[in-house]
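Here the protein sequences come in this chain order: A, Z, F and V. Per my numbering, the first sequence starts with residue 329, numbered consecutively. Per my numbering, the second sequence starts with residue 329, numbered consecutively. Per my numbering, the third sequence starts with residue -7, numbered consecutively. Per my numbering, the fourth sequence starts with residue -7, numbered consecutively. Every residue gets a Cβ at the ideal spot worked out from N, C-alpha and C, and that includes glycine.
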Amino acid sequence: MATKSKTAGKGTRKRAKDEGREIIRVSEHTAEIVSDSGEGAQKCGQIFGAVCAKMGNGAWTVEIIPAEIQPPPRSKAGGSGNRVRFGTERITNWGDATNLVVAFNEQVLLGRHELDALADDAIILLENMWATHPDPDIQQQWKEALEALSTRNYRIIEVPMEEECLKIVEDPRRGKNMFALGLFAFIYDRDLELIRAQIAHQFRKKSEEVYARNVLLMEAGYAWADANLDFRIEIPTVKSDQPMVVMNGNEAIGMGAVAAGMELCSMYPITPATSASHYLSDVFDKFGGVVHQAEDEIAAVGVAIGASYAGKVAFTITSGPGLSLKQEFLGLAVMVEVPLVVVDVQRGGPSTGLPTKVEQSDLLAAMFGQHGDAPHVVLAPATIEECFHSMVTARRIAETFRTVVMVLTDANLATGVQPFPRPELDPRWQQAPVSLSPIPEGKPAYDWDPRTGLSSRRVPGQKDGMHTATGLAHNEWSKVAYDPESHERGCRMRSRKIAVLQHTLRAPEVYGEESGDLLVVGWGSTKGAIEEAVDRARAQGLSVSSCHLTFLSPLQPGLKEIFRRFERVMTVEINYSDEPHDPFITDENRRRAQLCLLLRAHTLVDVDCWSRVPGQPLRPGFILNAIRERLAMGVGV
Amino acid sequence: MATKSKTAGKGTRKRAKDEGREIIRVSEHTAEIVSDSGEGAQKCGQIFGAVCAKMGNGAWTVEIIPAEIQPPPRSKAGGSGNRVRFGTERITNWGDATNLVVAFNEQVLLGRHELDALADDAIILLENMWATHPDPDIQQQWKEALEALSTRNYRIIEVPMEEECLKIVEDPRRGKNMFALGLFAFIYDRDLELIRAQIAHQFRKKSEEVYARNVLLMEAGYAWADANLDFRIEIPTVKSDQPMVVMNGNEAIGMGAVAAGMELCSMYPITPATSASHYLSDVFDKFGGVVHQAEDEIAAVGVAIGASYAGKVAFTITSGPGLSLKQEFLGLAVMVEVPLVVVDVQRGGPSTGLPTKVEQSDLLAAMFGQHGDAPHVVLAPATIEECFHSMVTARRIAETFRTVVMVLTDANLATGVQPFPRPELDPRWQQAPVSLSPIPEGKPAYDWDPRTGLSSRRVPGQKDGMHTATGLAHNEWSKVAYDPESHERGCRMRSRKIAVLQHTLRAPEVYGEESGDLLVVGWGSTKGAIEEAVDRARAQGLSVSSCHLTFLSPLQPGLKEIFRRFERVMTVEINYSDEPHDPFITDENRRRAQLCLLLRAHTLVDVDCWSRVPGQPLRPGFILNAIRERLAMGVGV
Amino acid sequence: MTHYGCSLLSCGVIDERTFEMDDYQGAVARWCPGCGDHSILTAVQRLLEEEQLKPEETVFVSGIGCSSRFPHYLNTYGFHGLHGRALPVATGVKLERPELNVFVVMGDGDCCSIGAGHWIHATRYNVDMVALLLDNNMYGLTKGQTSPTTPLHFPSNTQPRGTYLEALNPVQATLGVTNASFVAQTAEWIPAHLYETLKAAYHHKGFSFVRILQRCPVYTASVYDEAVRKPDVIEMMVHDDGIYLPDLDQIYKQKIVHNPKDIDGARRLAEVTERVRLGVFYRNEALPRYEDLRRLPAHTAEERVRLLSEELDRYAV
Amino acid sequence: MTHYGCSLLSCGVIDERTFEMDDYQGAVARWCPGCGDHSILTAVQRLLEEEQLKPEETVFVSGIGCSSRFPHYLNTYGFHGLHGRALPVATGVKLERPELNVFVVMGDGDCCSIGAGHWIHATRYNVDMVALLLDNNMYGLTKGQTSPTTPLHFPSNTQPRGTYLEALNPVQATLGVTNASFVAQTAEWIPAHLYETLKAAYHHKGFSFVRILQRCPVYTASVYDEAVRKPDVIEMMVHDDGIYLPDLDQIYKQKIVHNPKDIDGARRLAEVTERVRLGVFYRNEALPRYEDLRRLPAHTAEERVRLLSEELDRYAV
Ligand SMILES: Cc1ncc(C[n+]2csc(CCOP(=O)(O)OP(=O)(O)O)c2C)c(N)n1
Ligand SMILES: Cc1ncc(C[n+]2csc(CCOP(=O)(O)OP(=O)(O)O)c2C)c(N)n1
Ligand code: SF4
Ligand code: SF4
Ligand SMILES: [Mg+2]
Ligand SMILES: [Mg+2]
């Protein structure tokens, strides 16, 4: 993409007030800001991303998160900030590399460079106070860093941010970010009114004075850029003809929970799930909803199950370690057929792993982590929009099928920001799940339809409905029953529901041609990157399509049918798999990616996988390489 | 078998003192005793089983466990006792049906009848006090029961047990069991000296007087039988030429733990795992070992991990619900590469399920239950003898590969009693896992061999070995490292070890011909029943073989190769699978048995499954039916 | 029992049903003969009848253990969940349906061992429910393993040469937790006292923790033996604001006046001595209840949609 | 530091090494500037040096949280495990290797919320180790959620309109647990008191629970503000058998004499007032330690094989 934007932009000029200034006109660009943590780069990026979206650009914002609680200043591992990829069309993923970066010191920049985050021809706006810093060590570091950076084709523009900000505030550590925002505003010709409104929103809990100062700083950045830069970058905006909203995936989960009529979010803090409950904590009581922070994850799911048993709409939200702790209770919910929605915002594992970073490695634990046979539903939204709607779907399935529905998102969706069509809300989503009408005589607690396994829900308060729900094997009266028939029937009824749900699902759509040399299969947050890779591959004449699965349990129908139409099938996932050519790895002992394993068992097709666990979203370019490699064409791009 | 034994026995006579008495001479027989719980039937069965084994019979004892804590007396669901299958040859499973039963009342007998536990021509020795009981309801129940029983070909012999026992003791509830033992002793012509010795062992914690009374009762039973029965049953015994021991699977696990040099068993009580720790609690301190009963399962595994980190040999033991709770810590152990042995004595699930009953439904939870990618080893002993040896193997693998080894047994192995060759003990199994020698300079905490992923262990006390083990992503120095390379390397090294282990494994043996129409694949406690079913099928001319897997993770090599040699492959398991012809079930949405799923993914062979969750071991006859069905021959036997 | 009137919780029609003991009877209790749980069940049924609690508006939540079979033996709603996890489930029920009567039944392993964390926190939340600890000093259902309340040196199957630790004192531990609002101790073999204690617990607005000394003839027959045989071992804590049953004076002569408002006194009395103290250690009606603190006005679906629409406006492009 | 002598634990050669502060320095501490954890780290390093603990025979076990990064910043053995689960791991270490010096570092969420059950039981086991609760009244690492010790009405990201519950009192809760043998409270901003408390904890034979009031300038800056600024808010509990630092008399004028043997007094003093009380609430050296109760003679491999062979005889056919 970098190359593409460059060629598209180079040499194009715009008239009017930009006389003499190079106007780089591109259909998309990736801009980022990176600073020490605590310098507010995240806020700048968030505002910038929102403004781009509001102006009518497609956009995808990802957070740049430092690896440590309090990384030392000016350290390569300490970079914090945001990366905003935006363009004229819809943007579905973070892309490959940054085209323009504002960096507050050369070390965090170096960190990004070493991570290979920057395009070869990236434009860099770099705070230059360090070059002349009184500390000779720092001067030396600056020199060495610039030397290291010179191995690439970057265009480095030094910016006296500190100096400029000092004209307005005493402590530029708390202002430089707005100055940088001004730089972006000028470079990308953003709507200043919108920016001011967004600053107001961002600091809505702060004083008027804070707002005014931040606007001043932003304007100073704008002015500096106007006076000093010989280029601007133009990315045409297209106002969407439908109303759009912009938010991150955790906000979408939270809002989706409200839209789905949820009444209780029972949770225990864990990154990267927590921010969804932060969001809900802020707004939920307006809707009569409660966020209950329990003493631990086990209690969190227990409280949700209690509430659901009592007839309310409850969910719990967590990440990997919390999922492990909840397994016993999840099995119970399946066993007593209490509807329950569980959101797992996946992060890097195993164990505490990479708490802030993306991974898709909880799939098998979500599916199989409960002892015994505990059939339930697992689904995975692929976009931020789907995060919202998945909560509505999850509730509906949980209640209709009286079972557990797990919604798997990940750190990429959780923190990524993207505009999407404003959801149309439906009051029916809000309906109370059950009435308190009396139970007719002779109706068992589980009035299983022997064909479908479905039964009607019953909650305390319903006259003549008294019974004791139990996690022990039980018969339809919910009486403990250890005889073979009762247990086998219970198992059968609980499992049958999954088959019935499967019959209501549609085959997934194939993205691209319906047949070909290679089908890439994915799930969850990788959709945008995979489809972009497929587009590029097809543009290169490769016969590649993709197919993205929303339901993981049950799997959607027709997969084998689809797979058969392709020479090869390969999953692309962010979880670990052995590389086929590594020492000791054979086709027989290779540990494959998680969806890959499921699909092999399900279809008996020799599904291959390409998976990585970098703690970052996958780049479309890398997926493209993998596609080429699998098509035995060597590595391209 | 029932039919066979009958024909074999009928009409055969033995001379000597049994003049005039029918001697039924058979190669094997299944005898059981069933009573209300609290009447000591279990003790009787245990003694009888042990005596059979000691006399040189092959034997397999299973417990008959009532479904409730305190079932009401004389209830069909309340039967408690033991079933002993024994014969001239080795006995590997509980068989199909009981040939001779001693029942303390007609209701528990009726329960067994309704469970289809008795052979059509079973001989029944039934306490007859109820026929004339003062309570007319009871008389009525007796009549109805005998009527129900008359639908089968049983031979019912009424025995005045109460009356006879009253001659010796005041409360026959505490003595009838020994009287029954005397009945068995006479019928099967058991060695009375051995019986007396076994009674002494059983009551070793009680007084001499208790022993004497019990012997008297036993002798009374013997005498009654001698005076009143017109038959005896002869099952030739063959003294083994190698020394044998007899015990149940949980004792074997406990003794195996001692043999393996374990120093700590850290546990929380849970059926059916607890009796292993009861056994260890009794003996472990003789060996310097400690059973630590922790406050919960999480603490139990945490203490074991702490001890192992500190250089000791520790294991934890649990059943399904406990496994679910331990998942988070298991992932940590994998991540920090602390050796750990985990025994899961499986029971019926999901949730609290069937606490006392057999199931093999924790396989997938054991394999995949930890969030993130946590590669580790899973193995499953198939016999009681293997329970013993698996602990030695598990320790060795855990330490060599610095990983978690799960040993999956089940309630069938745990409580089943079987003689097996006395293990030859090896002092090397007892060796301390690590020395406290200083760590050479420059040696990282994880000195991973980049090819194998193996590294050397390090424990507190080793000079210059200081480092902090962490569940966060880390580099070889055990420093927290969130960069893509470190994390990917960590994942790779942990996974590679599994591939390396796989290279050391042998392909499983095929039982029967190396190729044919059907291969039955099993794991764990079903081995004996499967092989017996295969033997019978082959005897009927069917081209069937079987293959039993000890390692589930990694799977042993050569499976695909083996499967290819058979027309069909089918697993037989005690966990839930959808029946192919049930409503809504299609080949696509069918939820298959757990090993079946793994094997399909692993081999891409269309492995089928026949699985049941009756809470009981599988009967060879039913497996045989399934085999015939799969071979499209309809149901036989 | 006769069924009249309307069963909906809030339809305004007067419910004229009256309930008798039998109306609360569920399945036949399957505890061992002589098990103290039987008398607790009876006392609870008496309470339900006396208070005329509607079976459909009453929920018994339990964990796993002999004692946790309790709900099955009642004809109310019941939730027989996971070992150690009764309290979170009950909290969820009451938090969202404060109009229900919630009782929790736990064993000593259930509550004090695997459930200890929830016990501490449920005490803190002070949700209005009655929490019964059926303390037989042993793991009953799993057939005799040491529990936190097993007396020192008492043998079990996991500690056959006797336990290693002094028994945990559940009353003292509860009294140590901020927000503890009702803590009492009673014994199942003194039905009158048991009943009065349950009644006081039920009437307390908040989390009422009652430790019930419970005999298990199978595994811990000897533990409460002396206390059962020798009434002088028992010291009744009496107070007008607590429990005082003059009828018992004849048998239980050891008495001490203790005002349940006095927390220091409560903690002193809770210390273990040769005496077994029964009565209310502590009661504080003034402490807020979590479900009240979290109560919010209800909204119609339409209101919620409107509010959410406003919320979406904030995120509009 | 110079390396002399033999490093094996028991080889009898005299170890002539002397250790300086630097010898205990691990990775550079990465807490926020002004974070109270820094001073705790310093005090701990001072203790290690003062006591000349061998780095290789010292193990720091922690959970997950800002505070739980502690072991990484020391040059001893460390185990940075799971959130809430430090105590079981430490118990495993000490139970099997009683010769090691074991320290546990926990946050308030870690210890009092998710780890509450283990906390209660570790107190009961009374394994000889030092357990530090670094109490910043908040979840730090996860960026500001309510913890059990968050003051009432103090806002957090999960309870933005203030917490609902009175803060849990970790000292009182610990004092409620049978076998509690050492309970103290100190503040990281009074280094001398912090140090003395750590030292007393280290020298206590048993489970030494120390709650350290710890400032978190990021999330709870205001909580200890008053106590830091106004020394009169602090009341020093002094005793010859506890902690008494005459040097501090000038600043901390509020004093109360409290004998750490007095459990009733300890519980009274532990009640929350406007005063923040520092010092040793309770100490009892007489309570048995679990690892001692479980200590057994060692056996050679051959002995074990012989004994097992005898055991097999019992099962011989
Ligand atoms: C997670 C889990 N761990 C362990 C068990 C096994 N278990 C069932 S009941 C019980 C203890 C019972 O003791 P207690 O709580 O005192 O109740 P009691 O039976 O004595 O009434 C245990 C350990 C279980 N069911 N689930
Ligand atoms: C099982 C599990 N649940 C939740 C988390 C997320 N988490 C990490 S640290 C933490 C709390 C930190 O607070 P505290 O224990 O008070 O320590 P502090 O950071 O304040 O020092 C939480 C909830 C986790 N890592 N693991
Ligand atoms: S084992 Fe004990 S507690 Fe359980 S039912 Fe029997 S007597 Fe009661
Ligand atoms: S967030 Fe608070 S507790 Fe954590 S390091 Fe920063 S100041 Fe310390
Ligand atoms: Mg108990
Ligand atoms: Mg904290």
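Any idea if residue i is buried or exposed, counting beta-carbon neighbours within 10 angstroms, 16 or more meaning buried?
{"i": "T335 of chain A", "result": "At T335 of chain A, the pLDDT of 31 sits below 50, so the modelled position is not reliable; the number obtained from the coordinates is stated separately. Per the 10 Å Cβ criterion, exposed."}
{"i": "M(-7) of chain F", "result": "Caution applies to M(-7) of chain F, whose pLDDT of 30 falls short of 50 and renders its modelled position unreliable; the value that the coordinates give is listed next. Per the 10 Å Cβ criterion, exposed."}
{"i": "Q246 of chain F", "result": "exposed"}
{"i": "H195 of chain F", "result": "exposed"}
{"i": "K46 of chain V", "result": "buried"}
{"i": "M794 of chain A", "result": "buried"}
{"i": "H759 of chain Z", "result": "According to the sequence as given, residue 759 of chain Z is Gln; it is not His. Exposed."}
{"i": "R822 of chain A", "result": "buried"}
{"i": "L144 of chain F", "result": "exposed"}
Who are the neighbours of residue i on chain Z, taking C-beta pairs under 7 Å?
{"i": "E294 of chain V", "result": "P755"}
{"i": "S679 of chain A", "result": "G659, L660, M663, G700 and G799"}
If distances are taken between C-alpha atoms only, which option among the options comes closest to residue i?
{"i": "L969 of chain A", "options": "V:I106, V:I248 and V:I182", "result": "Nothing can be reported for residue 969 of chain A: it is not among the residues displayed for chain A, which extend from 329 to 965."}
{"i": "W181 of chain F", "options": "F:Q242, F:V230, F:R207 and F:E283", "result": "F:R207"}
Closest Cβ-Cβ distance between residue i and chain A: below 9 Å?
{"i": "V963 of chain Z", "result": "Confidence at V963 of chain Z is low in this model, with a pLDDT of 48, below 50, so its placement is unreliable and the value that follows should be read with caution. No, its Cβ sits nowhere closer than 9 Å to a Cβ of chain A."}
{"i": "Q137 of chain V", "result": "yes"}
{"i": "L668 of chain Z", "result": "no"}
Under 9 Å between beta-carbons, which chain Z residues line up against residue i? List them in chain order, please.
{"i": "P152 of chain F", "result": "H606, S609 and D610"}
Name, please, each residue of chain Z whose Cβ falls closer than 8 Å to the Cβ of residue i.
{"i": "I826 of chain A", "result": "N917 and R919"}
So residue i contacts chain V; which residues on that side make the cut at Cβ distance below 7 Å?
{"i": "E623 of chain A", "result": "S105, I106 and A108"}
Determine, for residue i, whether the minimum Cβ-Cβ distance to residues of chain V falls below 9 Å.
{"i": "M595 of chain A", "result": "yes"}
Which chain V residues sit within Cβ distance under 9 Å of residue i?
{"i": "R267 of chain F", "result": "Residues of chain V passing the Cβ test: none, with the nearest at roughly 17 Å."}
Is residue i close to chain Z, meaning its C-beta is less than 9 Å from at least one C-beta of that chain?
{"i": "S(-1) of chain F", "result": "At S(-1) of chain F, the pLDDT of 38 sits below 50, so the modelled position is not reliable and the matter cannot be decided from this model."}
Against residue i, what residues of chain A qualify as contacts under a CB-to-CB distance less than 7 Å, listed in chain order?
{"i": "G76 of chain V", "result": "D624"}
Residues of chain V with a CB under 8 Å from the CB of residue i: which are they?
{"i": "G377 of chain Z", "result": "Correct list: empty, because the minimum Cβ distance to chain V is about 11 Å."}
For residue i, go through chain F and note every residue whose CB falls closer than 7 Å to its CB, in chain order.
{"i": "V619 of chain Z", "result": "T150"}
Determine the chain F residues that contact residue i at a beta-carbon separation under 9 Å, and present them in chain order.
{"i": "T737 of chain Z", "result": "Under the 9 Å cutoff, chain F gives no residues; its nearest Cβ is about 18 Å from T737 of chain Z."}
Uninterrupted alpha helix (DSSP H) stretches inside the segment 832 to 916 of chain Z (no shorter than 4 residues): 855 to 867 and 887 to 892, all fully within the segment 832 to 916 of chain Z.
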